[in-house]
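Worksheet: one structure, shown below.
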Amino acid sequence: MKFSDRVSLQTTAPLVECLQSLSQQPQTPFYAPGHKRGQGIPPNLKQWLGKTVFTADLPELPEFDNLFAPQGVIAAAQNLAAECFGAAQTWFLVNGSTSGVVAAILATCNPGDKLILPRNSHQSAIAGLVLSGAVPIFINPEYDPHRDLTLNVTPAAVQAALNAHPDSKAVFLVNPTYQGICSDLAAIASLVHQHHLPLIIDEAHGAHFGFHENLPPAALSVKADITIQSTHKVLGAMSQAAMLHQQGDRVSPQRISQTLQFVQSTSPNALLLASLDAARQQIATQGQALMAQTLQYSDRARHQIAQIPGLSVLNPPDTGQPGFFALDRTRLTVWVDKLGLTGFEADEILNEQLNIVAELPLLRSLTFMITLGNTAADITALCQGFATLAHRPQIPLTVDAVSPSTPLPQLALTPRQAYFAPTETISSQKARDRISAELICPYPPGIPILMPGEVITADAIAYLQQVLALGGQITGCSDPTLTTLRVVKS
Ligand SMILES: Cc1ncc(COP(=O)(O)O)c(C=O)c1O
81 MKFSDRVSLQ TTAPLVECLQ SLSQQPQTPF YAPGHKRGQG IPPNLKQWLG KTVFTADLPE
141 LPEFDNLFAP QGVIAAAQNL AAECFGAAQT WFLVNGSTSG VVAAILATCN PGDKLILPRN
201 SHQSAIAGLV LSGAVPIFIN PEYDPHRDLT LNVTPAAVQA ALNAHPDSKA VFLVNPTYQG
261 ICSDLAAIAS LVHQHHLPLI IDEAHGAHFG FHENLPPAAL SVKADITIQS THKVLGAMSQ
321 AAMLHQQGDR VSPQRISQTL QFVQSTSPNA LLLASLDAAR QQIATQGQAL MAQTLQYSDR
381 ARHQIAQIPG LSVLNPPDTG QPGFFALDRT RLTVWVDKLG LTGFEADEIL NEQLNIVAEL
441 PLLRSLTFMI TLGNTAADIT ALCQGFATLA HRPQIPLTVD AVSPSTPLPQ LALTPRQAYF
501 APTETISSQK ARDRISAELI CPYPPGIPIL MPGEVITADA IAYLQQVLAL GGQITGCSDP
561 TLTTLRVVKS
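For the sequence shown, the working numbering begins at 81 and goes up steadily by one.
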């Protein structure tokens, strides 16, 4: 559908209008939530946020529809979203892409089925493996050792996995990565569909792709069967508000509806749902202009920061390289190691001294999300912040480059088998070659370094300890100091 056609259909926000009208109707409420349209809300919250927001925190009243059996305004809003993003059907999610990823795996894999997926998938995909009992066939994304940068997967790697495991049930990919790095998605979709398999794309960071020609191709445009987007990350929705889109006949919409009920609350927050409707209306009617502006801001920041001695930035690939077909230019990754700083230290300085907060600090770099919410003043502050940061003695940082997942760690048990196996806690010094029972990730980005069922390598332990020592955050470990690890009992 042409953008101009979309606009004429997309100017309304039925869910927002319904909620607004319901919240203004006089009522004597004997339903949950217990604060009864703000009457019982704790005074400090009311004083801070005002009353309006709580009058709209309503349950699934008959006029408002039901998320799990939509027939009224939720159905209308979801249909508008499907039309806007180019899907056959869209489901609104109130538990983030996390719930969409888990539901997509549960909808496509039975226990014992093989799922092809990259080793650097988000932790929600590993949760999907544990819950479904699917057997992962991991493919390694490409890795650029010079920049210590994990790229994306190549069509050749997907083809090799399909050839080696023709009995797989689905292919799951992450596109873009946190840094905005995209695969050759059209080529991969064509390969996967030649094998008559569904392609699931975790597009948590790419809900904006369909709205400007200078952004990478959207998963829906290359006919991905299931696409999951964190609308809250890159468009105007509130935290946790996300969407799952489906098209084609390779996955049953009934099974998606069913599995989404397993992983979401039966009391969905009406404000989150309304924010999805409003975010769709906004991007459908103003997407082109908003994305043009966002791209202009991010290009300005990339260009100016690249001029600062000691800093380097991630630029779009000239001709495409393996695992790096295209870059989402609204993501800005800046390497600070030549300033003698880790990404964590640079983040602390920018945050504490200059109030500039990055999305993803890593050992050598920082990644910034530039979205429709940023202003010209934000970009000026970011460039000035880096100029200030660079105004210091430049002593290159020596951090060992440890790529924790090259080569692929050995999988001794499926994630589900390891998760449910008897376990014991041992010193991490003795954990090498044992089978991990834990899902351990530096957060962000929430990509597991150790996952249940994997044989623990010395590199993985060294990497996690390095991240912790240099100020990064680690989640999922029973011992936050990493002195001990939980492993499968031998
Ligand atoms: C690649 C990827 N997939 C899924 C998720 C989960 O998204 P959400 O926070 O919306 O649950 C994230 C979150 O950071 C992510 O980076």
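Where is the CB? At the ideal position from N, CA and C, for every residue including glycine.
Helix, strand or coil: which one does DSSP assign to residue i?
i	result
H325	strand
I527	coil
Q169	strand
K313	helix
I520	strand
E504	strand
V96	helix
Y543	helix
S445	strand
E432	helix
F148	coil
Q401	strand
A406	strand
S319	coil
F83	In this prediction, F83 has a pLDDT of 49, which is less than 50 and means its spatial position is unreliable; what the coordinates show is noted afterwards. Helix.
L129	helix
D224	strand
I64	No answer is possible for residue 64: it lies beyond the span of the chain, which begins at 81 and ends at 570.
S558	coil
I154	helix
E534	strand
T230	strand
T257	coil
Take residue i as the anchor and find which of the options has the nearest alpha-carbon.
i	options	result
L173	S319, N431, I506	S319
V343	T132, A184, A168	A184
E140	L352, V416, E504, V393	L352
L89	A549, A157, P109, N243	A157
P256	A298, L209, Q327	A298
Q373	L491, F404, H288, T422	H288
N175	S508, A322, V314	A322
P250	L356, C189, S212, H325	According to the sequence displayed, residue 250 carries Ala and not Pro. Out of L356, C189, S212, H325, C189 has the C-alpha closest to the C-alpha of A250.
L211	P221, L186, T234, Q401	L186
V331	L356, L370, L279	L279
L99	L375, V272, S301, S355	S355
C521	P495, R496, T555	T555
G533	Y523, F500, T505	F500
P402	H115, G118, P235	P235
T451	T422, L443, L370, G118	L370
I459	A498, S378, A406	S378
T447	T422, E432, T455	T422
A304	G166, L434, Q104	G166
L488	S508, R444, T537	T537
Q509	A542, M531, P525	A542
S337	Q169, G152, P106	Q169
Q376	G118, G180, N294, P525	N294
Which residue comes first and which comes last in the alpha helix (DSSP H) that contains residue i?
i	result
V181	176-188
R380	350-386
V37	Nothing can be reported for residue 37, as the shown portion of the chain is limited to 81 through 570.
F108	The displayed chain sequence assigns Thr, not Phe, to residue 108. Run containing T108: none; DSSP gives neither H nor E here.
F500	495-500
P235	235-244
D282	That residue, D282, is in no alpha helix (DSSP H); its beta strand (DSSP E) goes 279-282.
V210	203-212
V272	265-274
T564	Element bounds for T564: not the alpha helix (DSSP H) but the beta strand (DSSP E), 564-568.
A413	First, the amino acid is wrong: residue 413 is Thr here, not Ala. No alpha helix (DSSP H) holds T413; the beta strand (DSSP E) holding it covers 411-415.
G465	456-470
Would you kindly report the start and end of the unbroken beta strand (DSSP E) that includes residue i?
i	result
P198	194-198
A250	250-254
F218	215-219
Say whether chain B places a C-beta atom closer than 8 Å to the C-beta of residue i.
i	result
G420	Among the protein chains of the structure shown there is no chain B, as only one such chain exists.
Taking 7 Å as the line, does the beta carbon of residue i fall inside it for any heavy atom of ligand 3?
i	result
G390	The model on display carries ligand 1 but not ligand 3.
How close, in whole Å, do the beta carbons of residue i and residue j come, if the pair is a contact with beta carbons under 8 Å?
i	j	result
A517	R566	5 Å
F404	N232	7 Å
L394	L407	7 Å
Inset, instruction - For the stretch 190-210 and the stretch 400-414, state whether three or more C-beta atom pairs, one from each stretch, are separated by less than 8 Å. - result: no
Legend entry - Three-pair Cβ contact test at 8 Å for the stretch 457-475 versus the stretch 369-385: yes
Inset, instruction - Decide if the stretch 298-316 is in contact with the stretch 127-145; the criterion is three or more beta carbon pairs, one per stretch, under 8 Å apart. - result: no
Legend entry - Inter-stretch contact (C-beta, 8 Å, three-pair minimum) for the stretch 269-287 and the stretch 422-430: no
Inset, instruction - Pair every Cβ in the stretch 506-515 with every Cβ in the stretch 223-238, then say whether three or more of these pairs are closer than 8 Å. - result: no
Inset, instruction - Mind the definition here: the stretch 210-221 touches the stretch 237-252 only if three or more C-beta pairs lie below 8 Å; say whether that holds. - result: yes
Inset, instruction - Would you be able to state if there are at least three C-beta pairs under 8 Å between the stretch 321-335 and the stretch 361-372? - result: no
Inset, instruction - Count the C-beta pairs between the stretch 328-348 and the stretch 143-157 that are closer than 8 Å, then say yes if the count reaches three, no if not. - result: yes
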